[in-house]
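Peer 1: A single structure is presented below for examination.
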Amino acid sequence: MTTMTLQVPDFLEKNHQDTVRFLAAKLYESGKLSLGQSAKVAGMKKWDFAEILIDYDVDYIQYTAEDVIADVERIS
Numbered sequence: 051m052t053t054m055t056l057q058v059p060d061f062l063e064k065n066h067q068d069t070v071r072f073l074a075a076k077l078y079e080s081g082k083l084s085l086g087q088s089a090k091v092a093g094m095k096k097w098d099f100a101e102i103l104i105d106y107d108v109d110y111i112q113y114t115a116e117d118v119i120a121d122v123e124r125i126s
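Numbering (our numbering), first residue to last: 51 to 126.
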């Protein structure tokens, strides 16, 4: 893993752990990271991280309407 340094407003550093978890959750939501990778970034176990996704309005299952359509077409 690579270490990145971000410059953020001071108030975000006061809630460092929450900020890191939020970023990890949003990277998971966007498909940039897997659940396991996101959990590692957040410093959590995978299943513990999955449980906190709701705190950041992120769905555990990242399955879009396009995915459903593609699956139906593949099955048909």
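We put the CB at the ideal spot given by N, CA and C, even for glycine.
Small disclaimer: the values here were computed from a predicted structure and weren't measured.
At the level of alpha carbons, what is the spacing between Gln57 and Arg124?
Peer 2: In a straight line, the C-alpha of Gln57 is about 45 Å away from that of Arg124.
Peer 1: Is it true that the CB of Arg71 sits closer than 9 Å to the CB of Ala100?
Peer 2: Their beta carbons are not under 9 Å apart, which means Ala100 does not touch Arg71 by this criterion.
Peer 1: With the cut-off set at 9 Å, would you say Tyr110 and Lys76 are in Cβ contact?
Peer 2: Contact flag unset, no.
Peer 1: Run the CB neighbour count on Ser88, radius 10 Å, all protein chains shown included, and call it buried at 16 or more, exposed below.
Peer 2: When all chains shown are included, Ser88 counts as buried.
Peer 1: Consult DSSP for Arg69 and reduce its assignment to one of helix, strand or coil.
Peer 2: It is worth fixing the name first, because residue 69 is Thr in this sequence and not Arg. It is helical.
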